Amino acid sequence: MLRLDQVSVRFGGLMALKDVSFELKGGEILGLVGPNGAGKTTLFNVISGLTRARGRTLFNDKDISALPLHKRARVGIGRTFQIPQPMKHLTVRENLTVAQVFGAGRNDPARIDEILDVMQLSEQADRDAQSGLALQELKRLEIAKALATEPKLLLLDEVLAGLESQAKRQFTGKLKELHARFGLTIVIVEHDIETISDLCSRAVVLNFGQLIADGTPAEVFRNPLVVESYTGTPHA
Amino acid sequence: MTDLILQALFSGVLIGSVYALVALGLALAFGAMRIINLAHGELVLLAAYMAYVVESRTGLDPYMAIPLALLAVCALSALLFLMIDRIREHRELNSLILTFAVGIILTNGLLLLFASDMRSTTSPMLQDAISFGNVYAMKGEVIAFAVSLVLMTILWWWLKKSWYGRAVRAVSSNRDAAMLMGISPVRTELVAFLAAGALASFAGIALYTMSVIQPAVGHGLTVKAFIVTVLAGVGSIPGVFLAALLLGVTEALTVTLASSALQELAGMVLFLLVLFLLPNGLFGARARRG
Amino acid sequence: MAASSSSSRPQMGRNAGLVLGVLVLAALPLVLGASNYLLGLFISALILAGISLAWALLGNLGGMVSFGHAAFFGVGAYASALISARLGVPVLLAIPLAGLCAALCSLAMLPALRLSGPYFALAILAYAQIFRILATEATWLTGGAAGLQRYPGLPTIFGFDLSTRTGSYVLLVLLVALCALAYVAIRRSHVGTALRAIAESEDATRVVGVNSVMLKAWMLLLSAFMTGLFGALNAHIIGFLDPDYAFSGVWSVMPIIAAIFGGYRTILGPVAGAILIYMFDQVVAKSLIAVGHQILLGILLAVMILVAPNGVLGLFKRAKGGNRHAEA
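Protein chains in written order, with this note's numbering: chain A, 1 to 236; chain B, 1001 to 1290; chain C, 2001 to 2328.
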């Protein structure tokens, strides 16, 4: 479904990504792991179209490297931001409506209600997205927005950050539910090893912009290179 | 013909130095507060009118008006700062409109007080022409140029070495980091605004001594200062100086080679060209995207 | 205000009531037999209202603040005068064509859409200045600074003479109403919803598939078209054009004051604001301070921004009890 071919990004004198290549099959849940600054968000930016890169990005065998940002949602790539970015001046429902109309190309209020329900935002539907929501709700809105565009590929950027273990496990369960229910392929950036091992069938590791490991979570976390670059212990 | 062009170049450079002072004031305020003070040109003009008042009422040198101008303009700057600080929502937009409104107040205030007659220095000493080879300049122009250079050097030193100057630079580049270092952004913004006011005062008096003033000139000055900051891109004082000279020379050449009616047009076209073709300005790097 | 397709019954009832109320207000001057002088004032006020509406549209739906609407006004004015005079096109056709000309001119400003707030505002200002100077210099086309005079005025249709004060007034009310309706329609649509978000969260909209640049471009074209319409209509009412008048900074500044005063986030705000501000300026300010009466407007604008940035109508809303729902 997704293939990256020697993708590189340079910011001034810094190589944020260097010759990153990997392939993702439909239906997989891929964990994207690596220390801070390794280039994970940059990679997401390349796939979703916020950043231009050298190399090729192929989606369902079509080269989308030059496809502008706003067209990528239509093509089926949905994405959330680490710091939630709701559409301002609009209600929660309006956020989803815009996402659906422009990202999925149709208007289906029933579907929006369904997404609101799944993401537990039905109560908050008519609140102002920017000022009327708590952080947890904002995070759920981020995912709901992306879902409304009816993506085939969903990029989740540290959606579990700031949650404590109980909430993390609930959220992880929710993600599994979404994966099954909407038939999504997911790439998730996450630091927590337990979550990755639980949720993902596969993991890739970035360090200093380079891909240093690719395999099942178990394989990857045993890899000495990975352990060396990324210190993390399973949380209780 | 070459003589005409040389004269245009020369005059352009001289007036350009005053544009540089005006532009630096605008840039200082923008850097610190991230808002564009659309009343800046009017502040300059206010100083110019103070010079007029001093000269016409007392017969003294317009330069004697400097203390008065500094006082008036800096007081107004502080007032303006307080008003802008009060704005809570849609800060960028609302402060733009607020300063725009203040500009209207000042322009019309000056119109009420002084009518729309054109004024210029009557001092014979300043109007004396000095020749540099085949080109001429009024004494007033040359003094203004020299003073501009001195002020720019002082500004450069202040920004680099003095505590408040460095604070202004810190707040301009990274507000949050500056706060963490114990710099009070609010106080620093005020200092930047006052410094901008000081520059505006000197620019105004210089303007009176070398050119003609009218209430309508204020608005045009703001626009020119803005054009200069766009031409220069971010950051360096020398960059702003050169960009201002470029504007002055372009205007002068247009007047000489085409017609004086197109003078304003030249600056505008230059502005748009740079805006669209060289988004980083001529000398600097700045992301101008929203 | 809940967006999109379905309005609830009470909402529709309220809207109908509002429209009726406005129409009644509009008919009052005619019914009460206002003098030609007073009608003339209203006509000028309504021209301003139209531009204010167009300005507010651009600012509200897309977040683009323009300091140079005079450019569109002037282009519309000259285009209509020239099209009807030189090409013999009937005036009522020339006016919308002139609007199109103004819209075409705004195409030149499309690159400015990439720019953030103040840069956009000033780029537009630069365009306005350029158009003014071009109009002055292109004497062969526009008659230059001497002005343009010999072009047709408003015609008589169905026995109703539009060139009288009454006729012009009615036409103007209709045009403002039409523009207001168009504004409402867009704002209620999905495009309008997206545009409301674009002003301050453009990236968030682009990520979900909104072609924000194209939407903003359409709003610029529409705002230019509307302003051009009113510039054209004004030209035929006044009967004389010169560059300093047609491209005067007043056409850029007054709409801003009017829209901010009335509350530029609403539809009624710019219109009400324009009428109030214009009347205030002509009747009160001018008689208090003959030259430089704009100072009062400047003071008013400054006070508004500090005290009530959402305009007079915004003050009403706040008094009635808070904004739980997202502002339109």
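Here a beta-carbon is modelled for each residue, glycine too, at the ideal position from N, C-alpha and C. Everything numeric in this text was worked out from a predicted model, so none of it was measured.
| Query | Result |
| --- | --- |
| Under the three-state DSSP convention, the category Y1136(B) falls into | strand |
| CB contact below 7 Å: G1059(B) versus chain C | no |
| Which listed residue (K62(A), I77(A), E28(A) and P35(A)) has its alpha carbon closest to that of L50(A) | I77(A) |
| Cβ-based burial, G103(A) [other Cβ within 10 Å; buried from 16] | buried |
| The alpha helix (DSSP H) enclosing N207(A), as first and last residue numbers | Run containing N207(A): none in the alpha helix (DSSP H); it sits in the beta strand (DSSP E), R202 to N207. |
| Proximity of V189(A) and K40(A) at Cβ, strictly below 7 Å | yes |
| Short CB-CB distance (under 7 Å) between A2232(C) and chain F | As a matter of chain content, chain F is missing from the structure shown, whose protein chains are A, B and C. |
| Where L1111(B) meets chain C, residues with beta-carbon distance less than 7 Å | V2291 and G2292 |
| Per DSSP, cross-strand counterpart(s) of E23(A) | R3(A) |
| C-beta neighbour in chain A for G2201(C), strict 7 Å | For the sequence presented, residue 2201(C) should be read as Ser rather than Gly. S2201(C) counts as touching chain A. |
| Between the CA atoms of D1003(B) and I2047(C) - distance to the nearest angstrom | 51 Å |
| Of the residues L153(A), P151(A), T172(A) and L14(A), the one placed nearest A161(A), counting alpha carbons only | T172(A) |
| CA-to-CA distance, G105(A) to L163(A), given in whole angstroms | 34 Å |
| Unbroken alpha helix (DSSP H) run spanning L1245(B), endpoints | I1237 to L1257 |
| Nearest residue (CA-CA) to G1204(B), options G1133(B), S1148(B), P1185(B) and V1230(B) | S1148(B) |
| Buried/exposed call for F1081(B), threshold 16 Cβ in 10 Å | buried |
| For R1166(B) and H70(A), the rounded distance between their alpha carbons | 41 Å |
| Inter-residue Cα distance where the pair is L1231(B) and L153(A) | 43 Å |
| Cβ neighbours of L225(A) in the same chain (closer than 6 Å, five flanking residues each side left out) | I212 |
| Distance between I2299(C) and A1144(B) (C-alpha atoms, nearest Å) | 34 Å |
| First through last residue of the alpha helix (DSSP H) which encompasses V33(A) | Not the alpha helix (DSSP H): V33(A) falls in the beta strand (DSSP E), residues I29 to V33. |
| DSSP bridge partner residues for I77(A) (one or two, in chain order) | L153(A) |
| Within 7 Å, strictly: CB atoms of I2133(C) and L1272(B) | no |
| Near-chain C residues of the segment 1067-1097 of chain B (beta-carbon distance less than 9 Å), N- to C-terminal order | M1083, R1086, I1087, R1088, E1089, H1090, E1092, L1093, N1094, S1095, L1096 and I1097 |
| Closest residue to S8(A) among L58(A), R54(A), M1(A) and N223(A) (Cα-Cα distance) | R54(A) |
| Within chain B, partners of P2111(C) - CB distance below 7 Å | F1276 |
| Boundaries (first-last residue) of the beta strand (DSSP E) holding T216(A) | Premise fails: T216(A) is in no beta strand (DSSP E) and is neither H nor E. |
| Cut-off 6 Å between Cβ atoms - residues of its own chain near Q82(A), not counting five sequence neighbours on either side | D157 and E158 |
| A2102(C) to G2074(C) span [Cα, whole Å] | 8 Å |
| Three-pair Cβ contact test at 8 Å for the segment 2146-2162 of chain C versus the segment 2256-2270 of chain C | no |
| CA-to-CA distance, M2109(C) to A1243(B), given in whole angstroms | 24 Å |
| Closer than 7 Å to chain B by CB, L2215(C) | no |
| Under the three-state DSSP convention, the category L14(A) falls into | strand |
| Reduced DSSP category for Q210(A) - H, G, I as helix; E, B as strand; rest coil | strand |
| Minimum Cβ-Cβ distance from F102(A) to chain C less than 7 Å | yes |
| Amino acids of chain A, ordered along the chain, whose beta-carbon sits closer than 9 Å to that of S2116(C) | Neighbours of S2116(C) on chain A: none; closest Cβ ~16 Å, over 9 Å. |
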